[in-house]
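Count along the sequence shown starting at 1, add 574, and that's the number in this note's numbering.
Glycine included, every Cβ here is placed at the ideal spot set by N, Cα and C.
Owing to the predicted nature of the structure, the values given are computational and were not obtained by experimental measurement.
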Amino acid sequence: MAEQVPFVVTISRQMGSGGAEIGQMLAKRLDWACLDREIVTRAAEILAVPAETLSQREESVPKFWQTLTRLGSYISRDAYIPPQAAYSPTQKELFAAQSEVIRNAARDRSLVIIGRCGASVLAGRPNVLSVFLHADLAFRARRVSDLYHVAEPTALKMISQSDSNRAAYHQTFAGENWTDATRYDLTIHTGHCGLDQAVELILAQVRHSGAKVRED
Numbered sequence: 575m576a577e578q579v580p581f582v583v584t585i586s587r588q589m590g591s592g593g594a595e596i597g598q599m600l601a602k603r604l605d606w607a608c609l610d611r612e613i614v615t616r617a618a619e620i621l622a623v624p625a626e627t628l629s630q631r632e633e634s635v636p637k638f639w640q641t642l643t644r645l646g647s648y649i650s651r652d653a654y655i656p657p658q659a660a661y662s663p664t665q666k667e668l669f670a671a672q673s674e675v676i677r678n679a680a681r682d683r684s685l686v687i688i689g690r691c692g693a694s695v696l697a698g699r700p701n702v703l704s705v706f707l708h709a710d711l712a713f714r715a716r717r718v719s720d721l722y723h724v725a726e727p728t729a730l731k732m733i734s735q736s737d738s739n740r741a742a743y744h745q746t747f748a749g750e751n752w753t754d755a756t757r758y759d760l761t762i763h764t765g766h767c768g769l770d771q772a773v774e775l776i777l778a779q780v781r782h783s784g785a786k787v788r789e790d
């Protein structure tokens, strides 16, 4: 009898929708590992650079890459691309390293993966539940304001920048619309149901999918 493939929940989220907290709560309930910032640390080890070098660049795309994506078919394969500094990996290398971390971790154990195009990286793999968390702007702004201790106008700017970065990142490296609900197995409006209920909804779907779940 073949060994069962570990079950993985991937969580894609809008800033302020509670993705990190929900992921951690879910992992605790399931007694599974939760990969979030650890993905950056492991990717930095693969690329042999300090984790701090990658922290400000993940899930975002520099303007050069955005321009390259927009031009698409108009750019020749032989077009000159300015070389990157030796100590600074390209965004493509960062994405590849993070994807390697995700795939390796998913082979070893059941876990919850937060962000980093996890749903796209593991597309086609059995035993994956992809979740997208979203909320209305007012709910998100309140959470960001509380979490980062900033005024609401600043929170709104942070959200706008985050949404733009994540949209460009997914489009560039996964070739997909980040907020398209049809890409996910489950989408949840956390502003309507709250974080605790969101965890319960995901747990119910995990159970329905046949994964082994620890019952408290």
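DSSP-derived helix/strand/coil call for residue i
i	result
Cys-691	coil
Ala-611	The sequence shown places Arg at residue 611, not Ala. Helix, per DSSP.
Ser-586	strand
Leu-685	strand
Ala-622	coil
Ala-617	helix
Ser-662	coil
Gln-640	Note that Gln-640 scores 39 on pLDDT, short of 50, meaning its location in the model is unreliable; the coordinates nonetheless yield the value given after this. Correct three-state label for Gln-640: helix.
With 16 other Cβ atoms within 10 Å as the buried cut-off, status of residue i
i	result
Gly-765	buried
Ser-801	Here the chain covers residues 575 to 790 and nothing more, so residue 801 does not appear.
Val-579	exposed
Thr-756	exposed
Arg-714	buried
Tyr-743	buried
His-708	buried
Arg-681	exposed
Pro-663	buried
Arg-781	exposed
Ala-601	buried
Ala-660	A caution first: Ala-660 carries a pLDDT of 46, below 50, which makes its placement in the model unreliable, though a value can still be read off. By the 10 Å Cβ count, Ala-660 comes out exposed.
Ala-537	Any answer about residue 537 is impossible in this case: the structure gives the chain only from 575 up to 790.
Ala-618	buried
Ala-712	exposed
Arg-616	buried
Gln-771	exposed
Ala-693	buried
Ala-725	exposed
Arg-717	buried
Ala-729	buried
Ala-785	buried
Gly-689	buried
Closer than 8 Å to chain D by CB, residue i
i	result
Ile-676	As a matter of chain content, chain D is missing from the structure shown, which is built from one protein chain.
Start and end residues, beta strand (DSSP E) containing residue i
i	result
Val-579	Segment: none, Val-579 is in no beta strand (DSSP E) and carries neither H nor E.
The alpha helix (DSSP H) enclosing residue i, as first and last residue numbers
i	result
Ala-670	665 to 682
Ala-601	593 to 604
Self-check item: Those runs of the alpha helix (DSSP H) which lie wholly inside the stretch 739 to 788 and span at least 4 residues
Solution: Under the rule that a run must span 4 or more residues, the alpha helix (DSSP H) segments found entirely inside the stretch 739 to 788 read 764 to 782.
Quiz item: Quick one: complete alpha helix (DSSP H) runs, 4+ long, within the stretch 701 to 729?
Solution: Complete alpha helix (DSSP H) runs here, min 4: 711 to 722.
Quiz item: How do the stretch 717 to 737 and the stretch 579 to 598 stand: do at least 3 beta-carbon pairs fall below 8 Å, yes or no?
Solution: Flag = yes, the stretch 717 to 737 and the stretch 579 to 598 touch.
Exercise. Flag this pair as touching only if the stretch 667 to 686 and the stretch 695 to 710 have three or more C-beta atom pairs under 8 Å; answer yes or no.
Key: As far as the Cβ criterion goes, the stretch 667 to 686 touches the stretch 695 to 710, which means the pair count is three or higher.
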